[in-house]
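Since the structure comes first, as structure tokens, the remarks are kept for the end.
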């Protein structure tokens with residue numbers, strides 16, 4: 014069978030007789046299942062930053078900044094449960110980056126947690142397993158298996174502290190510096206490529222765009238999670254390229270591809286777009 018580790022990488026526990034096409038079919042089946050889970054991409058209905066005492070769209074209570082996350086003030090009738098306790102008065106909701114993060118339950122299908130920005134402020138994320146997007150979801154459209162885009166590249170470690178600025182969709186052109194552990198280089202069809210991937214858990218996250226972006230695939234770009242091998246090689250299987258979270262919900266703020274990760278050619282492999290049940294695009 015196929016499984017995923019905590020970094021989003023596919024773990025191959027399938028029978029060795031499975032073809033690459035069959036393994037990919039299992040990967041895609043699991044992707045369709047994952048995006049509708051409690052904290053799946055389609056379940057995110059709101060991300061609201063809290064810089065002063067305020068209400069938050071879609072959920073009860075009054076919310077305010079706190080050094081560890083947020084505080085919520087509510088009555089028992091609001092039915093907000095933080096860390097297993099019904100809120101009657103005020104409670105501290107610790108962020109996901111805290112050593113002891115809080116969990117919030119608003120109802121049978123609605124949950125939440127707090128995230129922290131690099132600048133130090135916090136936001137509440139609200140998730141609903143019965144969201145309109147989940148109700149409309151049909152499938153993730155994808156290309157057939159394409160062996161041409163399974164590439165063995167060379168991974169060259171960078172000096173400690175090497176970073177690169179990544180622009181995010183909602184950051185108005187500002188860049189966030191991300192550690193770049195190494196250079197990923199290869200030659201294909203006579204063209205030399207040198208790509209930058211930032212650290213994501215134990216994996217590397219490659220954010221890329223190509224000639225299909227905005228034509229046959231999601232306009233912002235796509236992600237590929239990879240890991241270097243001990244011998245200095247790194248396999249780029251673009252059949253495992255996935256759509257970024259912002260392709261599923263506008264409440265995500267996704268990184269955009271840097272210049273060196275923008276291919277002039279079409280990478281006809283991996284996921285293309287999120288489709289509704291009627292086959293139309295869920296998002297542009």
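Numbering (the numbering used here), first residue to last: 14 to 297.
Every residue, glycine too, gets a C-beta built ideally from N, C-alpha and C.
Please read these numbers as outputs of a predicted model, since none were measured by experiment.
- The alpha-carbon separation between residue 183 and residue 47 amounts to approximately 25 Å.
- Between residue 57 and residue 49, the C-beta spacing is not below 7 Å.
- Relative to the Cα of residue 62, the nearest Cα in the group 136, 43, 86 belongs to 136.
- With respect to residue 199, residue 166 sits close: the two C-beta atoms are nearer than 7 Å.
- Annotation note: the segment 118 to 177 contains the following uninterrupted alpha helix (DSSP H) runs of length 4 or greater, listed N- to C-terminal: 145 to 149.
- Within the segment 19 to 78, the runs of alpha helix (DSSP H) at least 4 residues long that lie entirely inside it are, in chain order, 33 to 47.
- Here residue 177 is near residue 193, since their CB atoms are less than 7 Å apart.
- Contact between residue 100 and residue 85 is confirmed by a C-beta separation of about 6 Å, below the 8 Å threshold.
- Just so you know, the alpha carbons of residue 78 and residue 161 end up roughly 51 Å apart.
- At a Cβ-Cβ threshold of 7 Å, residue 181 and residue 266 count as neighbours.
- Apart from sequence neighbours up to five positions away, the residues of its chain that approach residue 53 with a beta-carbon distance below 7 Å are 47, ordered along the chain.
- By the C-beta density criterion, residue 204 is exposed, having fewer than 16 other C-beta atoms within 10 angstroms.
- In its chain, beyond the 5 residues on either side, 55 have a beta carbon closer than 6 Å to the beta carbon of residue 150.
- Taking a contact as a CB-CB distance under 8 Å, the pair residue 238 and residue 222 does not count as one, their CB atoms being some 16 Å apart.
- Of the other Cβ atoms in all chains shown, fewer than 16 fall within 10 Å of the Cβ of residue 185; this residue is therefore exposed.
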